[in-house]
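In terms of my numbering, the sequence shown is residues 568 to 884.
Yeah, the Cβ is synthetic: ideal placement off N, Cα and C, and Gly gets one too.
Computed from a predicted model, the values in this text were never measured in an experiment.
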Amino acid sequence: MDRRAIPSAASESIWRAQDGHELRRIDWQTSGAAGESPRGSILFFPGRGDNYEKYLESLDEWHRDGWRVTAADWRGQAGSGRLGADPVTGHIDDFATWVDDLAHFWADWMAETPGPHVLAGHSMGGHVVMRALIERRVQPDAVVLSAPMLGMAGPPLPLAVLHGAAKLMNVVGEPTRQAWKWSEKPGEMPARRRTLLTHDDDRYDDELWWREHRPELVMGPGSWGWVERAYASTRVLEAPGAMESVDVPVLILSTSEDKLVSHTDCVRAVERLPKGELCAFGDEARHEILREVDAVRDRAMDAVTEFLDRTAPKPAS
């Protein structure tokens, strides 16, 4: 497919949260197989600073496999507005705001789409999905998480210590200020970023193309407020019995070479989840597994297909 064009079968629109905030969404309204009933429905949320354009290839592939597919931006990023003091810093008052948005979006989406219903998320999107599962705000038939942010890569210090340091940074300065440096030139992508995300230069360049042609998608570092709230939300996930209470089948795609989220925490999550499964990669994959070179991406997509065939089979005609 053309990864730099909205597929003809998809349509973009706006969904309004309960407080009226507008979230951008994209929908493949029908099954990809002409004349056949849908295989089911998949709802996908991207990561921090992400946009759904980056995942058009996977979304359209699921559609062609027979799924009704929807994806949306998180409040405060991509085409869904900003919550910080400037147009490029990612900020949030609390991750609970995103959990609320997900829960209400899920309720509306469930009412308008055929089952089985699958919830999927990448990176920070996977974190919010896991939190919504723990709090029983969503009830999917199956869940797929790509490199979920169940713990952040960084200093090997106790979570309480890291959270305490982030709290201090919000006391000594504005919570909306950037928590890390973007690049030497404001607005320019840091050179190292490519090596953190994918081995596939063409797929990486797709993101840059979309940012150039849709400037509203541009986002840089997260704020110190975001960092502190991320640690606070991770403590919710880490609470005794939290993941152990999730009785939904969950597939986690993770790579030991991830430099943004903790692979160790992903492996441990699979051990804690009663119905958790792991598709693990090594140095052949970086953080954006669904945007990797074909050999890696194909293995990941095949793992998702096999998982969903078992856990969310198509209803009998």
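Query: D661 and R802 look like a contact to me (Cβ under 8 Å); what is the Cβ gap, rounded to whole Å?; Result: Actually they do not touch by this definition, with Cβ atoms about 13 Å apart.
Query: For the structure I just gave you, are there three or more beta carbon pairs, one from the region 818-831 and one from the region 705-719, closer than 8 Å?; Result: yes
Query: For R570, which residues in the same chain have their Cβ closer than 8 Å to its Cβ, ignoring the five residues on either side in sequence?; Result: L623, E624, R770, D773
Query: Go through its chain and collect everything with a Cβ distance to G849's Cβ below 8 Å, but skip five positions before and after it.; Result: T822, S823, E824
Query: Around the Cβ of M568, are there at least 16 other Cβ atoms within 10 angstroms (buried) or fewer (exposed)?; Result: exposed
Query: Taking the straight line between their C-alpha atoms, what separation do you get for T597 and P574?; Result: 13 Å
Query: Alpha carbon to alpha carbon, how far is T664 from R877? Give it in angstroms, no decimals.; Result: 33 Å
Query: Count the other CB atoms, across all protein chains shown, that sit within 10 Å of the CB of H658; report buried if there are 16 or more and exposed otherwise.; Result: buried
Query: Report the three-state DSSP secondary structure of W595 (helix, strand or coil).; Result: strand
Query: Counting C-beta neighbours from all protein chains within 10 Å, is the total for E873 16 or more, i.e. buried, or is it exposed?; Result: exposed
Query: So is E620 buried or exposed if we call it buried at 16+ other beta carbons inside 10 Å?; Result: buried
Query: Taking DSSP as the reference, what is the three-state secondary structure of I573?; Result: coil
Query: With H, G and I counted as helix, E and B as strand and the rest as coil, what does DSSP make of V666?; Result: helix
Query: According to the Cβ coordinates, are H689 and A714 closer than 8 Å?; Result: yes
Query: Write down the C-beta distance between P707 and H684 rounded to the nearest angstrom, noting that I regard them as a contact closer than 8 Å.; Result: 5 Å
Query: Need the endpoints of the beta strand (DSSP E) that T743 sits in, please.; Result: Careful: T743 lies outside any beta strand (DSSP E) and carries neither H nor E.
Query: In whole angstroms, give me the CA-to-CA distance for P782 and R835.; Result: 38 Å
Query: Assign D814 to buried or exposed, taking buried as 16 or more other Cβ atoms, counted over all protein chains shown, within 10 Å of its Cβ.; Result: exposed
Query: Check the C-beta distance from S647 over to E589 and give it rounded, since I have them as a contact under 8 Å.; Result: 7 Å
Query: Could you tell me how far apart the beta carbons of L764 and E855 are, in whole angstroms, since I believe they sit closer than 8 Å?; Result: 5 Å
Query: Between E751 and D869, what straight-line distance do the alpha-carbon atoms span, to the nearest angstrom?; Result: Any reading at E751 must be qualified, since the residue scores a pLDDT of 49, below 50, and its modelled position is unreliable; the value itself is stated next. For E751 and D869, the distance between alpha carbons rounds to 40 Å.
Query: With a CB to CB cut of under 6 Å and the five nearest residues on each side skipped, what residues in its chain are close to T845?; Result: Note on residue identity: the sequence assigns Leu, not Thr, to residue 845. Result list for L845: I819, V837, in chain order.
Query: Which same chain residues, not among the five before or five after R615, have their C-beta less than 7 Å away from its C-beta?; Result: G657, S690, M691, G789
Query: Taking the C-alpha atoms as reference points, what is the distance between P654 and T743?; Result: 11 Å
Query: Should P725 be labelled buried (16 or more other beta-carbon atoms within 10 Å of its own) or exposed?; Result: exposed
Query: Comparing C-alpha positions only, which one of W791, R760, I609, R698 sits nearest to H630?; Result: I609
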